[in-house]
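K.L.:
Using numbering that gives the first Met the number 0, read the sequence shown as starting at 0 and increasing by one per residue. Ideal Cβ positions, reconstructed from N, Cα and C, are used throughout, including at glycine.
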Amino acid sequence: MAITRRELITNIGKAGVPVAVAMTVGTQTLQAEELTVPTEPLSLFYDASLCIGCKACESACNAANNTPPDISRDGLHQAPADLNVFTRNIIKLYKPADGSPSSFVKRQCMQCFDPGCVAGCPFEALYKDKDDGIVHWDGSKCIGCRYCTIACPYSVPRFQWLGFNPVITKCELCSHRLAKGLKPGCTSVCPTSAVIFGTRSELLLEAKRRIKNNPGRYYQDRVYGETENGGTQALYLSRVPFEKLGLPEIGPDSGPSSTLRWQKRIYSYFALPAVLYAGLVTVIRKNLKGYEQEAHEQEKETGLRAQL
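1. In angstroms with no decimal places, state the Cα-to-Cα distance between D81 and P156.
2. Counting only beta-carbon atoms, is Y223 nearer than 8 angstroms to chain C?
3. Measure how close the beta-carbons of A118 and A150 come, nearest whole angstrom, since I'm counting them as under 8 angstroms.
4. Using 10 angstroms around the beta-carbon of F122, count the other beta-carbons present and answer buried if the total reaches 16, otherwise exposed.
5. Which stretch, first to last residue, makes up the beta strand (DSSP E) that contains G309?
6. Quick one, are the C-beta atoms of F44 and A206 less than 8 angstroms apart?
7. My output table needs one value for Y146: the three-state DSSP class, helix, strand or coil.
8. What does a CB cutoff of less than 8 angstroms around P67 pick up in its chain, not counting 5 residues either side in sequence?
9. K91 to K179, Cα distance in whole Å?
10. I need the DSSP call for H76, collapsed to helix, strand or coil.
11. Which residue from C53, P240 and G254 puts its Cα closest to that of P100?
12. What is the rounded straight-line gap between the Cα of K218 and the Cα of L202?
13. Assuming V84 is part of the beta strand (DSSP E), what are its boundary residues?
14. Start and end of the beta strand (DSSP E) containing L234?
15. Does the separation of the CB atoms of N64 and C185 fall below 8 angstroms?
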């Protein structure tokens, strides 16, 4: 019942045909894939010229998401240096040494139309809601690869290194509050309305209205996030250059629009070990069946000889 190398390769090839066909179909689908944008995505609009740096939004965010205050810097005050596993929303200060205008900036998830974190996740643990556009994280699917933290051009998702079962932390626009008819925690407490919540279309109109009614107030007469990186649901106005506030100058094309197709093809190749395994199982089962049949025939023949 020995098997030749030719038979082994043939059986593995037969086992891999269905998967290979699926991979080919998947590649053809990718070539025709188009980005689906929600009709009325929910958004944040932050006007840095109105922010006084009170950080009320930080405390409200912690309270809304039941996360402990980050007092790691001095053990007493809530003053995180950046986004982290305890901080989904932060107010930072840009203060140049040359005496030019300073500015506060609010940082949180940008809720991109075409999120790099979603495209980079091999098991769809991060996904974009098709109705409101909010990017969510599903811990049951996450394998902790942390590729989302690299794929995001805004360095937003943070990986929790503490504990046996680490998590990815990022702003999800307090979706649990939205389900109850409430606003996100940060927008419910801002004393100057520097950050407001609504649909993207209405917030974009408000941003452009402010530009029109306040000539010379803003560094550029444009809304950051309207087209950058394919468009985001977090919109910004600022008196200083956006890049000074940590908002990179990105063109209108998103990262996934050029890399997603090849990335998904690479992921599809992860199926190759499974194909080989399936082929080996087929070979083993075939051999085992042959051995069982041969053993049965020998037992039968031995029994006949005993009778004679």
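P.N.:
In brief:
1. 12 angstroms
2. Of the protein chains in the structure, only one exists, and it is not chain C.
3. Sure, about 6 angstroms apart at Cβ, within 8 angstroms.
4. exposed
5. Residue 309 lies beyond the range of the chain shown here (0 to 307); nothing can be said about it.
6. yes
7. In the structure shown, Y146 sits in a helix (DSSP, three-state: H, G or I).
8. N61 and F85
9. 30 angstroms
10. coil
11. For the set C53, P240 and G254, the Cα lying nearest the Cα of P100 is the one of P240.
12. Residue identity check: residue 218 is Tyr in the sequence provided, not Lys. Roughly 19 angstroms between the two C-alpha positions.
13. V84 -> no beta strand (DSSP E), and no H or E assigned at all.
14. A233 to L236
15. no
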